[in-house]
Structure formats: C-alpha cells, structure tokens
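The numbering of the sequence shown is the UniProt record's numbering, which starts it at 1 and goes up by one.
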Amino acid sequence: MKSYHAIVLFVFTLLSACGGGGGGTGNGSVKASVNVGDDINADEKTSVKLSAVVSPSGGTVTWSVSQGDSIDGLPEEGESIDLEIPDVKSNSTYTIKADYRAPDGSLVSDTLILQVASLNQVPTVSVTQTGPEELPSKWGDTVVLSAEESEDPDENGQIVSYQWQQTGGVSLTPTSLTDSTLQFEHPLLAASSTVSWQVTVTDDEGGQASNSISIVLAKNDQLVFAKAGNDELITEYETVTLDGSSSQSVSADYRCNWQLVSGPTVTLADANACVTTYTAPDVDAEVAMTWQLTVTDVAGYVGTDTKVVTIAPMKLGYLNDSGQVSCYNATAKIDCTSSNDFAGQDAKTGRDSVVARLAKTGQGDNGFDFTKLDAFADELPNDSSSFSCVRDNVTGLIWEVKEAPVGTLPNVTLRASHNRYTWGFSGVTGSVFGAANSTCESDVNCSLEAYVQAVNATNYCGGVNWRVPTYVELLGLLDFEKRSQNLMIPTQYFPNSPAASLNGNLYYWTKQTSADGTSLSQAYVIDLQTGNDVAYPKANTAYVRLVRTP
C-alpha cells in the first residue's frame, strides 16, 4: 500500500523551503518519509527487488515481515534489497514492512502486500510387480504390486497417500487398497487372465498422478484340490469329525463325498457332507481307518485326498473305576448332561462313563466285570449260585469268597466271614499277634500272617499265593454308587458279609502300614459300609478278604 501522507508532507516541506525570505535557504527542518511502492505478485522460488524512496537521505531502512510466515533473509537493511521468494505448499500472502530511521532519529514506516503463488509439481508414478520372488506367479502365490518408487519432484514435497483400483480381469481380493504395495493371492484359474490395476498417488500439496499395470495370471492344470485334513489319533468312543470344508475348486462351488478305504465299519452322519461325524468304534488295540475325500466341482472337475484316523483303546488301565454314575451340584443330584457348572465329575469320565460300549468277560454293575470260579479256579456261568472265588476281569486279581458266619467263635470254619485278626507279620515293626482261638479258628494265633498261611496250606481255589490286599486293591472293589446302602461291594459276587460289629463299622485290613511317627503301630483299614479309610491300631481286630494273582 502507498504512504500518501508521507508524500504530501514531503511536497509541503519542499514548497516551504523554496518560499519566503527573498529566496534564502531557510532554517526549517525536513520531516522524514518512506515509500515502498506498489504491492507485488511473485511465484515461489523466484527473486524480487524491494526498493524504498526515503527523505531526507542518510538514514537506515530495515525490511521485515509484519504478517505471515517468516521469510529467510528478513529482516535485512538497505534502501534496495533482493528478496528470495520461499517455496510454499499453497498460495500465500505476506505483509512486508520497511522501517526508515531518519538522520534525526525519527522513525517512519510503509508496507506492501507480497502475494506468492505456489507452483506444485505433481508426483511421478512408478508401479511394478515385485512378488512373488520367482515369476511368473502361479496358483497360491502372493502377488505384490508396488508403487513405492513413486516420487514427488518438489524439493520439500512428499507423497502422502496411495489409492489402488482394479480396472480389468478376474475379481480379486487384495489385503489393502491404500498401501504403497498391493497384495493378493493368485487365484485358481481354468484359463489365464490379464488383470489391470491403476494406482493414484497424492502429494502433500494435493497434487495427484496415476499410472497403471497389467499382468497375466496363469491358469492351473489341476482345478480341484480336496483337503481331507491332517491325520489324527482318536480314542475309542470319541466323536470323530471329518472336515473337507477347506477344499478348493476353480468355481468355489463343489460337493463332497467320504468313503472308508480301510478299517472297521462305522456309520457316518452324512457321507455326502463336507463336514460329517462318526463315533470311534470299540477296539482292543490301535486300528487305522483310512478315509478318502472326493470333491467334485460344479463344472465336473474332480479331486481326491485321504485322511488316516487311528483309533486307540481307552487308557482305562488295570484299576477299577469308582462305580459312581450319578452327578451332583452343590445340593442335589443332577443330570450329567444338563450342565457344565460342575464339570469333570467322575460319572462323566473313565470306565463307568462308557460301560454301555464295553465288552465284558463276565458281569458286574457299571464298569465292574467279575467272573465266578470253582474250587480249581475254572470259570463258571454268571448265574452260578455256588462258587469258590471270584476273578476281577479288570485288574486280573482273584478274590476270596468268604464262608457263611456259622457257629460261635472260636468254633467256626477257617474262612468264616466273621473271623477277625490282628495285624501281624513276622519281622515287621508294630506287628501284633492275637491270641489263638480268640477271634478266629486257629491254634497258632489270630494274626493276618497265621490266616494267610492256613489258607495257602489248603490250596484254596487252586492257589498257594494268597495274601492281604494292598490299600489300592481293596479300594478297587468298592462301588461308590452304593454308598447309601449297607455294603459297597457287589453281594452277588461277595456274599456272606458279617454284620457290622466293630463299633458299627465293617473294617477290613489292608497290607499298608500307616506312618504315625516312629511306632508304626497302625495300619489302614477300609470300611466296606462307608468307603472310609482309617489308620487303625494293629493290636485291634478287623476282618480280611484275601487276594492273589492268577
């Protein structure tokens, strides 16, 4: 803008200096003024000259930016200067001020408007195929198109965004359309296809440029890929899932069929479903089942794959289950299949939970399996009413069958069920040997050792290796589903149990000593009425049921 006030003062001063007094020079002072001229329009990165007309001469002019961003080189002194126009991202306006300090110290100013035009250069776009490493690509490869080599030619410019667009060829699903690289999977094709992509690049000043690329995606010789899944190891009675849903075909529209190539016969839920199930069969040893999956595309193309499912027998071991087949919550019995709030209950796991599928040698409740034996340990029919001993077909152990409690102690039979014994074995710490003919029929003593020796001397049930059972062996006879009843062992196989007379308990000895410090004066008994175990003084008497291995 012009400083018209300064010009008028300047003219007025000159006229005053020329008049009066007969043409003398006069002694009046000249008022300071400065004029920077018209406003300026310039392009970025060019140079303009700034000039100031001042009066009186001899002072100092200082140029600066009074409004707008700073400009390199300002402030600068001089009545005339060359100003380098900055590189701008958009059209910009600056107010340039000239301050004139006159010789007498007075200060006057003038301003002009500097309009700077931005001359943005649009990006140069480069697009190439950089993946896969081995070209040309094939089915399943990840194809990578890159615009990373694109540039902004402006010195301080940069690219801020990318936008990809498919312009031709088979439909593809890239991972992103806004990254500097574009990635997609080479599809399964029955015929080669040329695909075209365009990328538009934008710089930080809004300048845009585009470029395109076309590549050929090759067809595949095989057009259906059946995928039956990985081989598996499954336990008998489990639900097996056959899943061919990850198969691929050229049209993505196909049907499945499962066929058993080898292995035991089973019934599939649906042999023509891509995902189907069956129940693993009962096996005695690992058995391999080979399944073939046939996938047929809607266009008639076919592919096959196989899957091996190895069925292993349940690892039930050589111990009986608990017999528990009822489930409970915190307060009452519940349906075992009704809730997972109390998961992992005994009734839902182990031998008892699969009893319906177990093949038994003999008979027994739930997971138990017993066979009656005669005096020579030969098998008898399950319904025999007369038998000498019982074989547990799960553990393989043979158990003593007690004789009826006939007579009054000590005038009873050797194996009468109501005979009682102290826990005593020669050379074992804490042993106690009860008096002869006191609580048993024996002229030696009423200890466990004397009873074992007497039974073996009779070659009872064809064996001379009868012994007192271990804690785990005796516990294995208990059926905890019978806990509310009077006896927790199956009476059809173990008849003639005595009445509970040991303070209301039915204690039976085990071979296990209870470590109660240094005395070792107690051994474990198990109450066959309640299932409770008790560390019981060896000097007390309890019942016993002998056991042997075949």
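Here a beta-carbon is modelled for each residue, glycine too, at the ideal position from N, C-alpha and C. These figures come from a predicted structure and were not determined experimentally.
In this structure the region 194-205 touches the region 167-179; the number of beta carbon pairs closer than 8 Å is three or more. Residue pairing by DSSP puts SER210 in a beta bridge opposite THR200. The alpha carbon of LEU397 has as its nearest neighbour, out of ARG420, THR470, SER442, the alpha carbon of THR470. In this structure, DSSP gives GLY131 an extended state, which the three-state scheme calls strand. When C-alpha distances from VAL116 are compared across ASP533, VAL266, VAL88, SER247, the shortest belongs to VAL88. Its Cα nearest to that of ASP527, the residue LEU475 stands out among LYS538, LEU475, SER386, ALA539. Where ASN41 is concerned, the enclosing beta strand (DSSP E) starts and stops at 40-43. Taking all protein chains in view, the Cβ of ASN366 is crowded by 16 or more other Cβ atoms within 10 Å, so the residue is classified as buried. Annotation for ALA457: the continuous alpha helix (DSSP H) segment containing it runs 448-457. Where GLU473 is concerned, there is no enclosing beta strand (DSSP E), although the alpha helix (DSSP H) around it starts and stops at 471-475. Using a 10 angstroms sphere on the CB of ASN35, the tally of other CB atoms reaches 16 or more, which defines it as buried. For a cut-off of 8 Å, the C-beta gap from GLU205 to ASN91 is around 11 Å, too long to register as a contact. Here the alpha carbons of VAL295 and GLN163 stand approximately 39 Å from one another. Nearest to GLN248 by C-alpha distance, out of ALA359, VAL261, ALA228, is ALA228.
The DSSP-derived three-state label of CYS389 is strand.
Of the residues VAL61, ASN272, GLN129, ILE71, the one whose Cα lies closest to the Cα of LEU107 is VAL61.
Beta-carbon to beta-carbon, CYS274 and GLY300 are separated by about 18 Å, too far to satisfy the 8 Å threshold. By the Cβ rule, the region 211-218 does not count as touching the region 276-294, because fewer than three pairs are nearer than 8 Å. The Cβ neighbour count for PRO123, taken over all protein chains shown within 10 Å, is at least 16; the residue is labelled buried. For ASN156, the CB contacts under 7 Å within the same chain, skipping 5 residues up- and downstream, are ASP87 in chain order.
Around the beta carbon of PHE370, 16 or more other beta carbons lie within 10 angstroms, which makes this residue buried.
Three or more Cβ pairs drawn from the region 479-498 and the region 404-423 lie within less than 8 Å of each other, which places the two stretches in contact. LEU112 is positioned such that its CB atom lies no closer than 9 Å to that of ILE81.
For the pair of segments examined, the region 497-515 was found to touch the region 524-542: the number of CB pairs separated by less than 8 Å reaches three.
Distance from the CA atom of ILE234 to the CA atom of ALA280, rounded to whole angstroms, is 7 Å. Check the Cα spacing between ASP282 and each of ARG351, ALA269, ASP221: the tightest is with ARG351. Residue ALA147 holds the alpha-carbon nearest to the alpha-carbon of SER161 among CYS256, ALA147, GLU400. Residue pairing by DSSP places LYS307 opposite TRP291 in a beta bridge. Of all C-beta pairs linking the region 456-466 to the region 500-511, fewer than three are shorter than 8 Å, placing the two stretches out of contact.
Taking a contact to require three or more Cβ pairs closer than 8 Å, the region 53-71 and the region 98-106 qualify as touching.
With fewer than 16 other Cβ atoms from the protein chains shown falling within 10 Å of its own Cβ, LYS138 counts as exposed. When only Cα atoms are considered, THR422 and LYS372 end up about 29 Å apart.
As the crow flies, the alpha-carbon of LYS219 is around 41 Å from that of ILE311. Here SER33 is buried. Its C-beta has 16 or more other C-beta atoms within 10 Å. Pairing GLY434 with VAL468, the inter-Cα distance amounts to about 16 Å.
Leaving aside the five residues that flank TYR94 on each side, the residues in its chain whose CB is nearer than 6 Å to its CB run, in chain order, VAL65, GLY68, LEU114.
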